[in-house]
Amino acid sequence: MIRPPVPFKGKYDDIERFVGDCCMYFEVFAPFFQLHSQRVAFATSYFEGAAKDWWVHVQQEFWTGSNWATAPKRFRYPSWAEFIMLVSQQFHDPATEDVHEQRMFALCMGKGTAIAYFNKLEIEAKKAGRRSDDQARGLMVKAVRLGVPDSYTNAIASSGEHVPETYNDWKRRILRIYEERQKKWVFNQTIGNHHDNRNDNRNDNRHAGQTKNTNPTATSHPKTGGTTSSSTGKPTGPTGGQRDAGGRWLARPGTTYGGQGAPMDIGQMRTKGLCFRCHKQGHLSKDCPEKKDFRDIRSVQVTNEPVTGSKVEEVKEEKAAAV
Numbered sequence: 001m002i003r004p005p006v007p008f009k010g011k012y013d014d015i016e017r018f019v020g021d022c023c024m025y026f027e028v029f030a031p032f033f034q035l036h037s038q039r040v041a042f043a044t045s046y047f048e049g050a051a052k053d054w055w056v057h058v059q060q061e062f063w064t065g066s067n068w069a070t071a072p073k074r075f076r077y078p079s080w081a082e083f084i085m086l087v088s089q090q091f092h093d094p095a096t097e098d099v100h101e102q103r104m105f106a107l108c109m110g111k112g113t114a115i116a117y118f119n120k121l122e123i124e125a126k127k128a129g130r131r132s133d134d135q136a137r138g139l140m141v142k143a144v145r146l147g148v149p150d151s152y153t154n155a156i157a158s159s160g161e162h163v164p165e166t167y168n169d170w171k172r173r174i175l176r177i178y179e180e181r182q183k184k185w186v187f188n189q190t191i192g193n194h195h196d197n198r199n200d201n202r203n204d205n206r207h208a209g210q211t212k213n214t215n216p217t218a219t220s221h222p223k224t225g226g227t228t229s230s231s232t233g234k235p236t237g238p239t240g241g242q243r244d245a246g247g248r249w250l251a252r253p254g255t256t257y258g259g260q261g262a263p264m265d266i267g268q269m270r271t272k273g274l275c276f277r278c279h280k281q282g283h284l285s286k287d288c289p290e291k292k293d294f295r296d297i298r299s300v301q302v303t304n305e306p307v308t309g310s311k312v313e314e315v316k317e318e319k320a321a322a323v
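Spelled out as structure tokens, the structure:
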């Protein structure tokens, strides 16, 4: 069952709401409201406050009789359209219209939806009596250009299409731009989440590959004779308690130098005071007696020339002169 109209108390910005409720009620119960007088009588029964006081006095103007002398007098109400006009003229308030007109220009779309903005704008325009001013250079167009963000007006100006003129043209264009931006935003969100998932999977696969590769193969170095050896992976840091007197980490304890290509425990040899070259105590590797004397090959001059006779004679003459 439809609800009866909310009583009308004489406020100008409430006329449209009250008339709309009455018309909806008339449509539901159409068999009972065939005559205009029935509609006017029903609507005035929901008047309260200032509206009720006004109607009590004005309805006396409709108390009249017919041209026939024998016909009794009765209320002859105006048509439904005339009744609405009388109510609008009686409770018209210019101050209320100015308030709603200012709200029209103060209304902004912001981050809300476009359809919600236009609904609020049209409500304020109806209450201000400016809903019909929707042509080019009208107040409705001016309010739209001030209320929507600059990105919409800039997009319309740079689109290459004709600039909207009427309010309905502006409304259609802005709703279309808003819908396109919403679709683009959803698309970017979907693609962004897809890329994030792919990057996470790549990182997981890379991490899994690094954990599987625990036995790397040592590369060939000149100091190891050019041989390539395979060594088991060792931890990045030794276990606790494996430090020397200076607080430095010790390499694997118990490992001594086994020759070329084998690891050497420098920390243990340093602790025992051994030479890194001959593995004996009492001197450093730079002062090792077994250290070979390397000379620059450029300073060594080798002559393979045969000794000639002239040089032998010169040597003999030098010996004779000495005697």
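The C-terminal residue of the sequence shown carries number 323 in full-length UniProt numbering, and the numbering is unbroken.
Ideal placement from N, C-alpha and C gives every residue a C-beta, glycine not left out.
Under the three-state DSSP convention, the category residue i falls into
i	result
Phe33	coil
Trp64	According to the sequence as given, residue 64 is Thr; it is not Trp. DSSP places Thr64 in strand when its eight states are reduced to three.
Leu274	strand
Gln135	coil
Arg3	coil
Val87	helix
Pro94	helix
Lys234	Unreliable placement is indicated for Lys234, whose pLDDT of 47 sits below 50; the coordinate value is still reported in the next sentence. Here Lys234 sits in coil by DSSP.
Ser159	coil
Val56	helix
Leu107	coil
Cys22	helix
Ala218	The predicted model places Ala218 with a pLDDT of 47, which falls under 50 and marks its position as unreliable, so this point remains unresolved.
Bridge-paired residues (DSSP) for residue i
i	result
Phe8	Phe47
Arg74	Thr64
Gln281	Leu274
Expected contact under 8 Å - CB spacing of residue i and residue j to nearest Å
i	j	result
Ile15	Val99	The Cβ separation is near 15 Å, so there is no contact.
Val141	Tyr167	5 Å
Arg130	Met104	7 Å
Ala114	Ile174	6 Å
Val28	Ile2	5 Å
Trp55	Thr44	5 Å
Touch test, the region 38 to 51 against the region 9 to 22, Cβ-Cβ under 8 Å, three pairs minimum
Cβ pair count under 8 Å is three or more, so yes.
Can you confirm whether the region 136 to 150 touches the region 180 to 191 when touching is taken to mean that 3 or more C-beta pairs between the two stretches lie within less than 8 Å?
Too few Cβ pairs lie closer than 8 Å, so no.
Stretch pair the region 34 to 41 + the region 76 to 93: three plus CB contacts closer than 8 Å
Yes, the region 34 to 41 is in contact with the region 76 to 93.
Within the chosen definition, does the region 87 to 97 reach the region 131 to 145 through at least 3 CB pairs nearer than 8 Å?
Counting Cβ pairs under 8 Å, fewer than three are found: no touch.
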